[in-house]
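Under my numbering, residues 9 to 671 are what the sequence shown spells out, in order. Using N, Cα and C, we set each Cβ at its ideal position, and we do this for glycine too.
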Amino acid sequence: MILKNIILFFFLFPILSLYPENDYNYDLELWQHIQRIGESSFQVYTKNNGGTITDYNNWDVIIQKTFQKLTESSGKEAFPIRYAIVNNDDFNAFSFPGGQFIVYKGTLVEIDNYIQKMANDKSKNCWFCSYNLFSKDTKINKGEYREGMMAAILAHELSHYYNQHSFKSIKKLISLQKDKGDQIKTELKKISYDREDELDADRSGILLLQKARYKTDWMIVVLKILNEIRQSSLAEDSNQIPFFESHPTPHKRLAELEGKGSDFHKWAAQMEIAYANIQYGRNLEESRNIIKNSIIKYKNNPEFLKAYAICMHKIWEATASLNDLKLKSIINIPTFRDEMLYNAGKKGSKKTPGKIGDYNKALRAYKNALMYNTDPSFLSNYSVLLAYSEKKVNVDKAIQLAEKVHKETEKAKELTIQLENNLGVVYYISGYDPYTKKAYLHFQRIASNLDENLISLYNSDERDTREYAKGLMSSILKKQALDPTYVNEDFTPILNLALIENGMRNSKKAKKISEHYLFDYDSQSEWAVHLSHISNVKPPNKLKSNNNLFANGVKIGDPIQKLLQNWGKANQIEIVGTTEVWYYGKLNSEILIKDGLIAEIFLNGEKSPKVNEVFGVGENRDIIEAVLGKKFKRETRYFNYYQNGNASIIYNKNKAKQIILYK
């Protein structure tokens, strides 16, 4: 929630109303709002992200010349271009909807490095040199190559501006709000819109390059540089999932553009999606076929054999009920990256759950891949599959393998939550009495350690920590929208301890830990629903929509069109960072607008509209709580209600002094 006094910390840009009352062009109003925010965002961004650099390494003349050639030949109406070189070492550039552009210093450094690399490669055999971009002279024209690559980058960013992508994307999101889609689905849809816009900007950028008489191969070269940077990033973090990235991967972008090597990029883009689908248990049959064809093409590739085995594991797992699986294992697969192509007691009776045919196919796939793969995560996955076998020899092998992996990684200080969790799963699934008890003690230990850390994370008073926790929960909900069985790795051992407690029929303990898990960690996944069923603990209701509170016909999340229809034009508009405050003097109220939608409503006096036409400023607390409920959290002077909608209220002698509705 943005409280009123925060406004004092930002530069304010007052804008007076110029429109007759109730005579509005709503698209124009939205576009002007977006442009005003774009200007403010540009100023805030350059100030807060490393500051600007004046003419870094003589790049200004190149950037200005390139902008001029691209815009003058575009056939579009001229506009005053503003750009800034930001002191950031990443490879990035982007535009604001008002026609302001950002180029990171790291982009300029990377371009110069590649030009130098090409100059040093006298054989001209590097991929960079395979494009028809260079003169016959052996001497490198550094200015020409600088300008060509910058032209590709700026053509892409100008296309975002010319095509009004920000405006169109926000209009689509507003239409989703009208359909009352939930927040997570809206966020996923926004990512989809962003990716569509990026591909459109590539295609439009090619046309801008052609009109300005630049060679279009410059766009291919820049995207290949971007792909090299991405591949380096994937080597450091192998869990990047393209479903949640606002930009399509470089392979996807290169596949969309006609050029040398496009077939390879189409295949690589398919593999990226197949790996991501396997991670989230989606489209497994299709993914299996893509991986299988790749194994035929690149015979005995260790990484592809591994992916095929994990895919078959998940296909079998999907045929078994959660009740039969008993515990939640963590079956990981890394994000696809290019280097994968080149690097290549007394036992009672037991029945393997799910379809035995799919189970045996998964076992065979693992055995084929084990000839080439021995990494701990893959071996841990294999041990879990073996533990579900009806054959004692396989179960014994599962325990030995899981313990060996655990011991070796612990010694090397490379033990992960996945390996810890899966060892406990293997113990429990084996069905051997001593190992069942061992699993219980094992999960007690790791769940206790995780629980202590997670509780301190969520209860932290540090703003950065709270924001991280909030972002983590948002990420979990997005992933569950793709895979209903998804459970965060940090939560999984706690879930499994609750499942074991219920299996032991220890009703008091089982109920206590089930409540703890369902109320504090996860109530949405299919595993949470399963836990609720076996424990008879009713999970908390899904978060209620904030849209049940309204004032003068508008509520949080409504578009500015509805605000203008019900409240009219504001007396004054002030820009606060990336948000606008619309002031309504006669109503003694303020509305915060973000991305064309109402973000917060401030009701500051007795002339302000009443909430739900029932209570307003000056109303007694008991009447207010009859609507909002009595549940609230106290923050300084504010009573933050959340039971029947989000409202923050300041009281003076039990009468409302200020009311804020927020998301």
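Go ahead and label residue i buried or exposed: buried means 16 or more other beta carbons lie within 10 angstroms of its beta carbon, across all protein chains shown.
i	result
D145	For D145, the pLDDT reaches just 49, beneath the cut-off of 50, and the residue's location in the model is therefore unreliable, leaving the point undetermined.
N677	Here the chain comprises residues numbered 9 to 671, so residue 677 is not present and cannot be evaluated.
H164	buried
A326	exposed
E509	buried
Q218	exposed
I364	exposed
D566	buried
L116	buried
E311	buried
V589	buried
H259	buried
D98	exposed
Q124	exposed
D441	exposed
T644	exposed
N66	exposed
F5	The requested residue 5 does not occur in the structure, where the chain is confined to residues 9 to 671.
R261	buried
D459	buried
Which residues in the same chain have their Cβ closer than 7 Å to the Cβ of residue i, if we skip the five residues on either side of it in sequence?
i	result
S388	A410, V413, Q426, L427, N430
Using the three-state DSSP reduction, which class does residue i fall into: helix, strand or coil?
i	result
W67	coil
N660	strand
Y440	coil
K602	strand
N574	helix
N496	coil
F272	helix
N140	Unreliable positioning characterises N140 in this predicted model, as indicated by a pLDDT of 49, which lies under 50. A coordinate reading is not provided.
A101	strand
N652	coil
T8	There is simply no residue 8 to check, as the chain begins at 9 and stops at 671 in what is shown.
Q666	strand
E633	helix
E195	helix
Y306	coil
N340	coil
A607	strand
K563	strand
S515	helix
V433	helix
T54	helix
R675	With the chain covering only 9 through 671, there is no way to say anything about residue 675.
K594	coil
Measure the C-alpha to C-alpha separation of residue i and residue j and round it to an integer number of angstroms.
i	j	result
D630	K322	54 Å
D366	Y390	15 Å
K77	Q108	17 Å
N100	A282	27 Å
P617	L184	27 Å
I304	Y316	12 Å
N235	E534	36 Å
A209	I609	36 Å
Q4	F251	This structure cannot settle anything about residue 4, because the visible part of the chain is limited to 9 through 671.
E155	H168	20 Å
Y591	K577	9 Å
D171	W575	As written in the sequence, residue 171 is Asn, which differs from the Asp given in the question. Approximately 31 Å, taken between the alpha carbons.
K55	A92	11 Å
E118	S482	34 Å
D332	F640	41 Å
T587	K602	5 Å
A420	P342	21 Å
N654	L669	6 Å
Please list, in chain order, all residues of the same chain as residue i whose beta carbon is under 6 Å from its beta carbon, the five residues on each side excluded.
i	result
W39	F175
K358	E398, G439
K369	M320
M279	F344
T257	P250, E280
Would you say residue i touches the ligand PLP, meaning its beta carbon is less than 8 Å from a heavy atom?
i	result
M158	The ligand PLP is not part of this structure, which contains no ligands at all.
Assuming residue i contacts residue j (C-beta within less than 8 Å), just tell me the rounded distance between them.
i	j	result
V434	A406	5 Å
L636	N612	Not confirmed; about 18 Å, so no contact.
V403	L393	Between L393 and V403 the Cβ distance is about 11 Å, and since that is not below 8 Å, they are no contact.
F558	N648	Contact doesn't hold; Cβ gap of about 19 Å is too wide.
For residue i, which residues in the same chain have their Cβ closer than 8 Å to its Cβ, ignoring the five residues on either side in sequence?
i	result
K663	G626, E627, N628, R629
L292	N285, I286, C319, K322, I323, A326
A263	S270, H273, K274, A276, A277
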